[in-house]
Structure formats: structure tokens, C-alpha cells
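Novice: When we follow full-length UniProt numbering, the leftmost residue of the sequence shown carries the number 1, and every step to the right adds one.
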Amino acid sequence: MQYAKEKLSNLASSAKEHAELWKDFFKRKSSLGSSDSVGSSRTSSSRQSELDEVLANLQADPGLRIRIIEYDANIRDEVRRAYLQKGPCQPRGHSFPQSNISGINRRFIPQWFDEFDWLEYSVSKDAAFCLYCYLFKSNFEQVGSEAFTGAGFKNWKKGRERMKVHVGPVGSVHNKAREAATNLMNQNTHIETVVSKHSEQARMAYRRCLIASIKCTKFLLRQCLSFRGNDESVTSSNRGNYLELLQFLANNDEKVKEVVLENAPGHLKLVAPKIQKDIVNACAGETLDVIMSGLKDRFFSILVDEARDISVKEQMAMVLRYVDDKGHVIERFVRVQHVTDTTSSTLKDAIDIFFSSNGLSFFKLRGQGYDGASNMRALVAVAKKNIDIASFFTTTNSVVNHVGASCKQRDALRAQLQEELVITFENDCLITGRGLHQETSLKRAGDTRWSSHYGTIISIISMFSSVIHVLQMIIDDNPNDSAGEANKIQREMLTFQFVFHLFLMKAILGLTNDVSQALQKKDQEIVNAMALVKSCKKNYIG
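(1) Mind checking isoleucine 489: buried by the 16 CB within 10 Å criterion, or exposed?
(2) Have a look at cysteine 536 and isoleucine 458 and give me their C-alpha separation to the nearest angstrom.
(3) How many angstroms separate the CA atom of isoleucine 353 from the CA atom of leucine 220?
(4) Tell me where the alpha helix (DSSP H) around glutamine 315 begins and ends.
(5) Under 8 Å: do the segment 354 to 362 and the segment 85 to 92 share three or more Cβ pairs, one atom per stretch?
(6) Relative to the C-alpha of tryptophan 131, which candidate in Glu331, Glu314, Ala82 and Asn105 has its C-alpha closest?
(7) Taking only three categories from DSSP, how would you classify valine 334?
(8) What's the C-alpha gap between arginine 208 and isoleucine 275?
(9) Return the chain-ordered ranges of every alpha helix (DSSP H) run that is complete within the segment 471 to 531 and spans a minimum of 4 residues.
(10) For aspartate 349, name the three-state secondary structure that DSSP assigns.
(11) By alpha-carbon positions, which one of Thr456, Gly455, Arg491 and Val304 ends up nearest to histidine 469?
(12) Would you identify the three-state DSSP class for glycine 369, choosing helix, strand or coil?
(13) Let me check understanding here. Comparing Cα to Cα, which of Ile109, Ala282 and Leu243 lies closest to threonine 126?
(14) Count Cβ pairs between the segment 256 to 266 and the segment 324 to 342 that sit closer than 8 Å; are there 3 or more?
(15) Who does arginine 106 pair with in a DSSP beta bridge?
(16) Per DSSP, which residues does isoleucine 302 bridge with? Please list them.
(17) Does leucine 119 come out as helix, strand or coil in the three-state DSSP assignment?
(18) Considering only the alpha carbon of each residue, which of Glu485, Gly294 and Glu70 lies closest to valine 399?
(19) What does the alpha-carbon distance come out to for the pair alanine 518 and glycine 510?
(20) Check alanine 412 in the structure and name its three-state DSSP category.
(21) What is the rounded straight-line gap between the Cα of lysine 176 and the Cα of proline 62?
(22) According to DSSP, cysteine 130 sits in a beta bridge with which residue or residues?
(23) I need the boundaries of the alpha helix (DSSP H) containing cysteine 224, first residue and last residue.
(24) Closest to serine 99 by C-alpha separation, out of Phe153, Asp117 and Ala73, would be which residue?
(25) According to DSSP, is valine 167 part of a helix, a strand, or is it coil?
(26) May I ask you to report which of helix, strand or coil DSSP gives alanine 307?
(27) Are the CB atoms of alanine 147 and histidine 166 nearer to each other than 8 Å?
(28) Buried or exposed, going by whether 16 or more other CB atoms sit within 10 Å of the CB of glycine 240?
(29) Go ahead and label lysine 164 buried or exposed: buried means 16 or more other beta carbons lie within 10 angstroms of its beta carbon, across all protein chains shown.
(30) Sorted by chain position, which residues of the same chain lie with C-beta nearer than 6 Å to valine 38's C-beta, five sequence neighbours on each side aside?
(31) Cα-Cα, which of Ser226, Val271, Cys216 and Ala272 is closest to phenylalanine 248?
(32) Is the separation between the beta-carbon of leucine 135 and that of arginine 80 shorter than 8 Å?
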């Protein structure tokens with residue numbers, strides 16, 4: 001009996017130990033599952049980032065694309081959908097080169113684009129390709145489709161006949177690929193696979209919610225307003241322009257109010273930043289399509305400007321300029337793109353990508369205009385290599401920064417200037433007239449504009465005594481570091497060297513400033529512009 005009790009006690013103890021082991025095991029599994037969830041979330045985020053990067057850099061020229069099979073299987077359909085939305089690469093305005101085939105010069109015929117909507121042309125390889133077979137031929141047998149997907153088709157002598165052969169009968173590889181593309185892009189089929197269990201009422205609610213979101217997005221884009229707010233929580237008094245505008249729309253339309261924000265069915269609020277970005281990109285794509293359809297096959301010119309944004313990143317902006325059927329000059333802003341630098345080679349590569357992705361041809365390009373901000377920065381830097389000139393520009397910047405550092409000092413400067421004008425007027429030493437002696441302030445110079453340096457110099461000359469007086473006020477009222485800096489600036493301004501350079505740079509920059517202002521006039525003609533430039537050069541040399 002005693003043996004049985006001991007045996008039972010041992011079994012109970014063993015069972016307890018096993019239970020603890022299993023408990024620890026399941027704890028670890030739970031912990032591991034949580035870790036897997038976090039890892040899955042990170043993977044999903046990185047996959048989305050990869051997709052965004054891939055879609056932003058899709059190659060338009062079919063001769064330069066990588067094979068569709070080389071894309072990750074998880075994003076392959078998104079890549080296909082993006083290419084189908086853009087449509088085939090058909091540079092209709094391109095000057096197609098001739099090739100000697102059987103002793104006769106032949107070339108690609110652009111009218112083939114009208115007959116074969118799947119047809120693409122590669123400017124880089126002077127060859128024809130099939131969009132549908134490029135996207136979907138890997139899903140089917142590849143017999144008969146290599147000519148329009150590999151190195152491309154170049155036999156222009158039998159071009160039309162070979163294209164018909166490529167299409168083939170109903171069950172051909174091409175037609176299967178076309179059907180796959182249609183199924184992928186068929187909106188009704190795509191929606192039915194996702195919301196097949198939803199009622200018609202739910203679909204209508206989703207549609208109203210989407211339309212409201214699109215209206216808000218279009219309004220903010222047209223007015224150039226920001227979307228996001230610092231605090232977008234429900235309890236916030238200002239949730240940002242997008243949410244506040246959507247709320248305003250809901251307050252004035254009961255049908256919209258039933259389906260947006262807190263009343264939206266499930267999680268279909270359509271207010272997430274990613275969804276906002278998708279709608280913005282869709283609006284941008286539609287706008288660009290309208291601009292390109294208006295351009296058609298006309299000759300055009302481009303205006304390119306480069307500048308740094310607040311995060312000190314180089315940005316390239318592009319404008320297309322052309323004449324419409326009524327003889328009006330049309331300018332359309334079409335692109336802002338981040339570039340690694342603003343060298344000519346980098347800008348050319350960015351322009352090449354834009355032309356290729358939008359079917360534009362360099363043979364239709366009749367003019368190019370560049371702001372040259374990067375070159376201007378270099379010009380300013382070269383001028384400042386002279387020690388005396390560098391010291392002069394440093395002092396002028398210090399004057400503007402120190403005297404205009406606060407509202408108190410700016411008000412003191414205006415008051416002193418007004419007092420001096422009154423005294424001068426009372427002594428009958430002031431020339432009066434309409435537009436003279438307007439209220440002014442010290443102008444801040446920019447790194448890329450000589451005219452801005454000229455404006456700074458003019459303002460310092462006209463307000464010289466007032467600036468000296470304000471600096472003296474800072475010295476007397478602020479016994480600290482700012483007083484020491486103000487004293488240093490005042491002593492430098494009262495030197496002969498500074499005053500000499502002040503009037504010297506006024507004379508030098510005044511010549512180019514007149515030309516710069518004249519060239520910026522809209523009614524300026526090229527003949528007058530060239531005469532102004534020659535006159536400016538003559539004045540410098542003389």
C-alpha cells in the first residue's frame with residue numbers, strides 16, 4: 001500500500017513537471033507567433049515600399065525593359081496593371097529611321113499603331129514589340145511570339161503581314177495574352193472577385209464615399225493646399241484640410257454623411273494616407289493624359305528649372321510650351337522630380353525618361369530653356385573667391401540678418417527711416433513725387449539670383465544712416481553677445497573699403513540687372529533681347 005502511494009506521488013509529480021514543460025512550450029509558441037506577426041507586418045511594409053519604387057521607375061521603352069518574369073511574383077500583377085494603364089509605347093511624333101532591306105530603304109509606319117492597338121515601338125532599338133505578349137506570354141506556350149518580345153521585330157518589308165500572323169486565330173498565344181490582360185483590367189470582374197458577397201446597396205455606399213474623397217482631393221490639389229494635419233484624431237479641433245473638408249461636405253449632404261468618416265461601413269473610410277496618395281496619383285495621371293492629348297504631334301519646347309527644397313534635396317521642374325490651333329501660346333507644368341544633382345547629364349537622363357514614358361519625341365522639340373540655378377550658385381561662389389568681395393558679401397548678409405532679426409528692430413528701422421525723411425523734407429532737401437520714398441526694408445539676397453544681391457545693395461545704400469542708427473541702438477540696449485556683433489558690423493560698415501565695394505558692386509550688378517529685368521518681360525522679342533545682351537557686354541568691356 002505504501003509502495004502504491006509513493007508510486008502515485010511520483011506520477012503526480014512527474015505529471016506536474018510535464019504540465020509546466022508544456023505550459024512553457026505554449027508560452028514560447030505564443031511569443032513566437034507575436035514575433036511572426038511583427039515580422040509579417042514589416043515584410044508587408046517593405047514589400048509595399050518595393051512596389052512603390054518599382055512602379056515609379058517602370059521603363060517605358062519596350063526595348064529597355066526587363067522581362068516580366070524577373071519581377072517578384074508578389075508584385076507582378078501590379079506591374080502588369082501599371083503597364084496596361086499606361087498603354088503601349090507609341091511615339092507617333094518620332095522620326096522613324098530607315099533601314100536597307102533587300103536593297104530598299106524601309107522604315108516603321110506609324111499608321112500601324114491605329115490598326116494594331118497592342119503594337120509598341122522601341123526608339124532605342126528601332127524595333128516593334130507586343131505589349132500583351134510581353135506581359136503574359138510566360139503564362140502560355142511561347143511558340144510564335146518571340147519576334148515581338150525578344151529582340152523585337154524589324155522586318156518592315158512584311159510588317160503588316162507579319163503583325164497579322166502574330167495575332168493569329170482565336171486560340172493563339174497573342175489572343176490568350178490579350179484575354180488575360182482584359183480579365184486583369186476588367187473592373188467589374190475585379191470588383192466581383194473582391195466584393196462578390198456585398199449587396200448592391202453596399203456597393204453604392206462605397207461609390208458615394210469614393211466620389212466624396214475624390215472631390216475633396218481635387219479641390220485641395222487645385223488650391224495647392226496640404227492634406228494632413230498635426231492631430232487627426234476624432235477629438236482634435238482641427239484634423240487637417242482633407243478630413244475637415246470631407247466633414248464639411250458631409251454636413252451639407254445627407255447622402256454623403258451616411259457613408260463617410262464615422263458612418264462609413266466597416267473600415268471603408270478611404271482616409272488613410274496611402275489611399276489619399278493613390279487618388280492624388282490617379283488625378284496626376286489623368287491630368288497628364290489631357291495635357292498630352294492637347295499637345296498631340298505639335299512642335300514644342302521645354303522649360304526646366306532646378307532648385308533645392310526645404311530638406312536641401314535637388315528638385316527638377318519641367319514645363320511644356322507649345323502653340324495650339326488658335327495660335328495661343330500654351331504652357332503646361334508637367335513634372336517635379338527629385339534628382340541626385342543638377343548636372344547636365346543628370347537632367348538629360350531625367351528628361352529622357354519623361355519623354356520615353358509619355359511618347360514624346362526629341363524630333364518635335366524646337367526649344368530648350370534652363371534656369372541655370374546650379375550654374376548661378378557656381379558663379380556666385382567664383383565671385384566670392386576674391387577675399388575682399390567675399391568679406392563684403394559676408395558683411396551685407398550680417399547686416400540683413402542682424403538688423404532684421406526681430407520685429408522690434410525692423411520697427412525701429414522703419415521709425416528711424418521715417419524720421420530722417422521728415423527732417424529732410426522739412427529742410428527742403430527731398431525730391432517729391434508719386435511713387436517716391438515708399439516704405440521699404442532690407443532685402444535678403446538669394447544664392448542663385450544676382451538681382452537679389454543688387455536689391456540688397458540698393459536697400460543698404462538708401463537706408464545706410466538708418467541702419468547705423470539701429471545698430472547703435474542694439475549696442476546701447478543689449479549688453480550681451482548681440483551688442484558685440486552689432487558693434488563689429490557697425491565698424492565694418494563705416495570703413496572706406498566697405499563703402500567702396502558697396503558702390504562698386506552697385507555699378508557692376510546694375511548693368512546686368514537692367515538686362516535681367518528686360519528679358520523677363522513677356523512681350524520681349526528675340527531681336528531686342530540680343531541687342532540688350534550685346535549692349536551689356538559692350539558696357540562691361542568699355
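For each residue, glycine too, the CB sits at the ideal point set by N, CA and C.
Specialist: Reading from the atomic positions:
(1) Start at 1 with the first residue of the sequence shown, and residue 489 comes out as number 489. Burial call: buried.
(2) Sequence index remark: in the sequence shown, residue 536 carries index 536 (1-based). Sequence index remark: in the sequence shown, residue 458 carries index 458 (1-based). Distance between the alpha carbons of cysteine 536 and isoleucine 458 is about 20 Å.
(3) By 1-based counting over the sequence shown, the position of residue 353 is 353. By 1-based counting over the sequence shown, the position of residue 220 is 220. Distance between the alpha carbons of isoleucine 353 and leucine 220 is about 28 Å.
(4) For the purposes of this step, residue 315 is identified with residue 315 of the sequence shown, where counting begins at 1. Not the alpha helix (DSSP H): glutamine 315 falls in the beta strand (DSSP E), residues 314 to 323.
(5) yes
(6) By 1-based counting over the sequence shown, the position of residue 131 is 131. Contrary to the premise, residue 131 reads as leucine rather than tryptophan in this sequence. Per the Cα distances, Ala82.
(7) What you label residue 334 is simply residue 334 of the sequence shown in a count that begins at 1. Three-state result, valine 334: strand.
(8) Here residue 208 is taken as the residue at index 208 of the sequence shown, counted from 1. Here residue 275 is taken as the residue at index 275 of the sequence shown, counted from 1. Whole-angstrom Cα-Cα distance: 16 Å.
(9) 481 to 493 and 496 to 519
(10) By 1-based counting over the sequence shown, the position of residue 349 is 349. DSSP places aspartate 349 in helix when its eight states are reduced to three.
(11) Position 469 of the sequence shown, counted from the start, is the residue given in the question as residue 469. Among Thr456, Gly455, Arg491 and Val304, the Cα nearest to that of histidine 469 belongs to Arg491.
(12) Residue 369 sits at position 369 when you count from the first residue of the sequence shown. Three-state DSSP puts glycine 369 in a strand.
(13) Numbered from its first residue, the sequence shown carries residue 126 at position 126. The amino acid occupying residue 126 in the given sequence is aspartate; threonine does not appear at that position. Ranking Ile109, Ala282 and Leu243 by Cα distance to aspartate 126 puts Ile109 first.
(14) no
(15) Numbered from its first residue, the sequence shown carries residue 106 at position 106. Bridge partners of arginine 106: Ser99.
(16) Walking along the sequence shown from the start, residue 302 turns up at place 302. Isoleucine 302 pairs with Leu320 and Gln368.
(17) The sequence position of residue 119 within the sequence shown is 119, counting from 1. Reduced to three states, the DSSP call for leucine 119 is strand.
(18) Here residue 399 corresponds to residue number 399 of the sequence shown, with the count starting at 1. It is Glu485 whose Cα lies nearest to the Cα of valine 399.
(19) Within the sequence shown, residue 518 is the residue found at index 518, counting from 1. Within the sequence shown, residue 510 is the residue found at index 510, counting from 1. Their backbone Cα atoms lie some 12 Å apart in a straight line.
(20) In the sequence shown, the residue the question calls residue 412 occupies position 412. Alanine 412: helix per DSSP, three-state reduction.
(21) Residue mapping note: residue 176 aligns to position 176 of the sequence shown, counting from 1. Residue mapping note: residue 62 aligns to position 62 of the sequence shown, counting from 1. Distance between the alpha carbons of lysine 176 and proline 62: 20 Å.
(22) On the sequence shown, position 130 is the one that residue 130 refers to. Answer is Leu119.
(23) Here residue 224 corresponds to residue number 224 of the sequence shown, with the count starting at 1. Run containing cysteine 224: none; DSSP gives neither H nor E here.
(24) Locating residue 99 in the sequence shown gives position 99, where the first residue counts as 1. Of Phe153, Asp117 and Ala73, the residue nearest in Cα terms is Phe153.
(25) If you number the sequence shown from 1, residue 167 lands on position 167. Reduced to three states, the DSSP call for valine 167 is helix.
(26) For this step, residue 307 is matched to residue 307 along the sequence shown. Looking at alanine 307 - three-state DSSP - the assignment turns out to be strand.
(27) Mapped onto the sequence shown, residue 147 falls at position 147. Mapped onto the sequence shown, residue 166 falls at position 166. Cβ atoms of alanine 147 and histidine 166: closer than 8 Å.
(28) As a position in the sequence shown, residue 240 is number 240, starting the count at 1. The residue in question, glycine 240, is buried, as its Cβ has 16 or more Cβ neighbours within 10 Å.
(29) For the purposes of this step, residue 164 is taken as the residue at position 164 of the sequence shown. With fewer than 16 Cβ atoms within 10 Å of its Cβ, lysine 164 is classed as exposed.
(30) Residue mapping note: residue 38 aligns to position 38 of the sequence shown, counting from 1. Model confidence at valine 38 stands at a pLDDT of 45, short of 50, so the residue's coordinates are unreliable and nothing is read from them.
(31) One-based indexing of the sequence shown puts residue 248 at position 248. Out of Ser226, Val271, Cys216 and Ala272, Cys216 has the C-alpha closest to the C-alpha of phenylalanine 248.
(32) Taking the sequence shown and counting its residues from 1, the one referred to as residue 135 is at position 135. Taking the sequence shown and counting its residues from 1, the one referred to as residue 80 is at position 80. Against a cut-off of 8 Å, the Cβ pair of arginine 80 and leucine 135 comes out as a contact.
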